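Trainee: Take 0 as the starting number for the sequence shown in numbering that gives the first Met the number 0 and just add one per residue. Dropping the structure in here first, questions after.
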Amino acid sequence: MWGVLREVWSSFRFHDGRLISGAVAFYVLLAIAPVGVIALVVAGWVLGSEAAHGELTRQLTAFMGKPTAAFVSQVIESAREPGASGVATLASLAFLVYAATRVFVMLRAALNHIWGVRTTVSASLHGPGRKVLGRRMLAFGMVLMCGAAIVLLAVLRVGTSRALGLVPKSPVVTQLSELGQWVAVLTLLVALIFRWLPDAHVAWVDVILGALVTAVFSVAGSLLIGVYFAEAGVVSTYGAAGSFVVLMIWVYYTAQVFFLGAEFTRAWAEHMGRRVTPLEHAESVKLSPDQSPIDY
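Structure below.
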């Protein structure tokens with residue numbers, strides 16, 4: 000196991016993990032409002048608009064604190080406001096879809112880079128329109144899954160609340176159950192991203208383990224960051240920009256954990272004798288400083 004962890008850190012540095020995390024974090028920050036709007040629409044079909052918004056705010060507050068959660072909610076609400084005319088509304092909708100899917104296109108490129116695969120030249124030249132459309136459709140599917148995650152969190156919360164009602168109340172048990180819900184939902188979401196988004200095939204057993212490790216460290220680290228920010232008074236220190244500063248740090252940390260999880264998934268698969276293999280329309284690439292498989 001120590002050898003695997005050493006390989007993870009070495010590969011993360013070789014692939015410029017911090018640089019990639021910063022780039023993807025930028026796209027995530029731009030996409031928070033569009034993804035939030037679309038996710039709330041999807042969740043609203045099942046839970047109702049107010050219930051979906053309340054669930055999202057509740058979960059954000061648990062990890063970011065009230066000021067930052069309120070800031071994110073305000074950004075999403077501003078993006079949900081309809082345009083003054085039909086043309087403005089359509090333009091706004093088109094931008095929301097583009098911005099929301101763009102972050103997943105970037106995630107795909109980054110995962111391809113980390114796992115050493117890229118689309119072949121023939122595939123890139125054959126049907127470029129279909130290729131772009133296919134990427135966007137897959138990315139949009141990932142956005143819809145964010146809405147499904149909100150629904151799943153709400154269902155799990157109700158189910159565990161009823162189950163915990165059968166035993167004596169304990170704040171510790173309640174907190175652990177909430178953490179378990181987050182880990183479970185995040186593991187599922189990350190596993191689907193690892194499995195479907197990049198141009199590579201990874202065995203489910205490796206994907207699930209890598210996603211679980213990613214989810215555990217994401218949740219644990221987010222809680223610790225939240226406690227630190229609350230104690231250090233970061234929001235008040237930066238004044239009006241405090242909530243945005245906290246959000247940037249949180250997103251950047253989460254991005255690093257995500258890509259460390261991707262490195263762990265690849266390293267573990269190779270340790271167990273299984274490899275990350277390119278799909279039919281892709282090929283493996285040997286990384287070097289002057290050759291990158293990133294394909295936008």
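Every residue gets a Cβ at the ideal spot worked out from N, C-alpha and C, and that includes glycine. Predicted model, so just to flag it, every value in this text is computed and none were measured.
1. Using CA coordinates, which residue listed in Glu262, Leu246 and Phe62 is at the minimum distance from Ile31?
2. Would you call the stretch 109-120 in contact with the stretch 273-286, where contact means no fewer than 3 C-beta pairs closer than 8 angstroms?
3. Under the three-state reduction of DSSP, which class applies to Pro197: helix, strand or coil?
4. Report buried or exposed for Gln255, applying the criterion of at least 16 other Cβ atoms within 10 angstroms of its Cβ.
5. From which residue to which residue does the alpha helix (DSSP H) around Thr118 run?
6. Is it buried or exposed, Trp44, if we count other Cβ atoms within 10 angstroms and call 16 or more buried?
7. Sort Ala268, Arg273 and Glu282 by Cα distance to Val7 and report the nearest one.
8. Just how far apart, CA to CA, sit Glu49 and Val3?
9. Report back the beta-carbon spacing between Val189 and Ala214 to the nearest angstrom; my notes put them in contact at under 8 angstroms.
10. What residues match up with Glu282 in a beta bridge as DSSP calls it?
11. Which partner residues does Thr100 have in the DSSP bridge list?
12. Is the separation between the beta-carbon of Gly261 and that of Leu110 shorter than 8 angstroms?
13. For Trp1, count the other beta carbons within 10 Å of its own beta carbon; 16 or more makes it buried, fewer makes it exposed. Which is it?
14. By the DSSP assignment, the alpha helix (DSSP H) with Val275 in it spans what residues?
15. Please report the distance separating the alpha-carbon of Pro127 from that of Phe25.
16. First and last residue of the alpha helix (DSSP H) that includes Met375?
17. Is DSSP giving Ala296 helix, strand or coil here?
18. Suppose you measure from the CA of Leu106 to the CA of Leu196; what does that come to, to the nearest Å?
19. Please report the straight-line C-alpha distance between Gly209 and Phe70, rounded to a whole angstrom.
20. Based on Cα-Cα distance, which residue from Pro33, Ala61 and Leu185 lies nearest to Arg101?
21. On the three-state DSSP scale, how would you describe Gly140?
22. Of the choices Gly64, Ser221, Ala281 and Phe193, whose alpha-carbon is the least far from that of Val182?
23. Among Leu178, Gly179, Val206 and Ala199, which has the Cα closest to the Cα of Leu191?
24. Need the endpoints of the alpha helix (DSSP H) that His270 sits in, please.
25. Classify Arg12: buried if its beta carbon has 16 or more other beta carbons within 10 angstroms, exposed otherwise.
26. What separation, rounded to the nearest whole angstrom, lies between the Cα atoms of Leu124 and Met136?
27. Quick one: give me the first and last residue of the alpha helix (DSSP H) that Gly53 is part of.
28. What does a CB cutoff of less than 6 angstroms around Thr253 pick up in its chain, not counting 5 residues either side in sequence?
29. Which same chain residues, not among the five before or five after Gly21, have their C-beta less than 8 angstroms away from its C-beta?
30. Tell whether a beta-carbon distance below 8 angstroms holds between Thr56 and Ser72.
31. How is His112 classed by DSSP in three states: helix, strand or coil?
Mentor: With the given structure in hand:
1. For Ile31, the closest alpha carbon among the candidates Glu262, Leu246 and Phe62 is that of Leu246.
2. Taking a cut-off of 8 angstroms for Cβ pairs, the stretch 109-120 and the stretch 273-286 touch, as three or more such pairs fall below it.
3. Here DSSP, grouped into helix, strand and coil, assigns Pro197 to coil.
4. Gln255 should be labelled buried.
5. Where Thr118 is concerned, there is no enclosing alpha helix (DSSP H), although the beta strand (DSSP E) it sits in stretches over Val116 to Thr118.
6. Exposed is the call here.
7. Nearest C-alpha to Val7 among Ala268, Arg273 and Glu282: Ala268.
8. Near 45 angstroms, if we compare the C-alpha coordinates of Val3 and Glu49.
9. Ala214 and Val189 do touch by the CB rule: their CB atoms are close to 6 angstroms apart, below 8 angstroms.
10. According to DSSP, which records beta bridges pairwise, Glu282 is partnered with Arg117.
11. According to DSSP, Thr100 bridges with nothing at all.
12. Here residue 261 turns out to be Ala, not Gly, going by the sequence shown. Closer than 8 angstroms, so yes.
13. Trp1 is exposed by the Cβ-count criterion.
14. Neither: Val275 is in no alpha helix (DSSP H) and is coded neither H nor E.
15. Unreliable placement is indicated for Pro127, whose pLDDT of 48 sits below 50; the coordinate value is still reported in the next sentence. Counting only the Cα atoms, Phe25 lies some 26 angstroms from Pro127.
16. It is not possible to answer for residue 375, since the shown part of the chain is limited to 0 through 295.
17. Nothing about residue 296 can be read from this structure; the chain reaches only from 0 to 295.
18. If you draw a straight line from the Cα of Leu106 to the Cα of Leu196, it is about 8 angstroms long.
19. Across the structure, Gly209 and Phe70 are spaced so that their CA atoms are roughly 31 angstroms apart.
20. Nearest neighbour of Arg101 by Cα position, chosen from Pro33, Ala61 and Leu185, turns out to be Pro33.
21. DSSP places Gly140 in helix when its eight states are reduced to three.
22. Comparing Cα-Cα distances from Val182 to each of Gly64, Ser221, Ala281 and Phe193, the minimum goes to Ser221.
23. Per the Cα distances, Val206.
24. Residues Gly241 to His270.
25. Residue burial annotation: Arg12 is exposed, with fewer than 16 other C-beta atoms found within 10 angstroms of its C-beta.
26. Its pLDDT being 48, under 50, Leu124 is placed unreliably in this model, and the value from its coordinates should be taken loosely. Approximately 19 angstroms between the Cα atoms of the pair.
27. Ser48 to Met63 is the span of the alpha helix (DSSP H), which, as asked, contains Gly53.
28. Excluding positions up to five away in sequence, the list reads Ser217.
29. These residues qualify, in order along the chain: Tyr251 and Ala254.
30. Going by C-beta atoms, Thr56 is nearer than 8 angstroms to Ser72.
31. Helix, per DSSP.
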